[in-house]
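When you line the sequence shown up against the working numbering, it's residues 99 to 204, in that order.
Worksheet: the structure to be examined is printed underneath.
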Amino acid sequence: DTVIRMAGEGCFEDLTPFGAKDGCYQDKCTATDKFATDQVETCARACQAFEDCEFWTFGEQDGTKKCFLRLGDKGRESSDGWISGTRRCVPPASEAAASEAADGEL
């Protein structure tokens, strides 16, 4: 139950190849450090894909599950319902994430 807030410095990337369409910084998913996704696996894999991304954080913001990519872990704090990890921490693909990958959303 750990969240890494903005003090961890956002890792701004084009996240559209990971299915990012909503929940992006200033509604611009081609240059964002966050995006809406229902799958923690999608979040972890997005971070793993970018050399600058060192940490990811996944949880609910404003009623929407979102992924946040971070350059560091400053701003780390306990918060119920949040999951965070290093870029090397990638959960095994769930059935839903495997379906997203097959649809080209990962």
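No residue lacks a Cβ here, since even glycine has one placed at the ideal position from N, Cα and C.
When the Cα atoms are used, what is the spatial distance from residue i to residue j?
i: C109; j: L169; result: 5 Å
i: T114; j: F133; result: 9 Å
For residue i versus residue j, is the C-beta spacing smaller than 8 Å?
i: R213; j: G173; result: For the chain, the structure presents residues 99 to 204; residue 213 sits outside this window and is missing.
i: T135; j: C165; result: yes
i: E180; j: T155; result: At residue 180 the sequence reads Trp, which differs from the Glu that was named. Result yes, Cβ atoms of W180 and T155 sit closer than 8 Å.
Can you look up residue i in the DSSP assignment and give me helix, strand or coil?
i: R174; result: strand
i: Y123; result: helix
i: T140; result: helix
i: D145; result: It is worth fixing the name first, because residue 145 is Cys in this sequence and not Asp. Helix.
i: A118; result: coil
Between which two residues does the beta strand (DSSP E) holding residue i run?
i: V101; result: T100 to I102
i: E158; result: F153 to Q159
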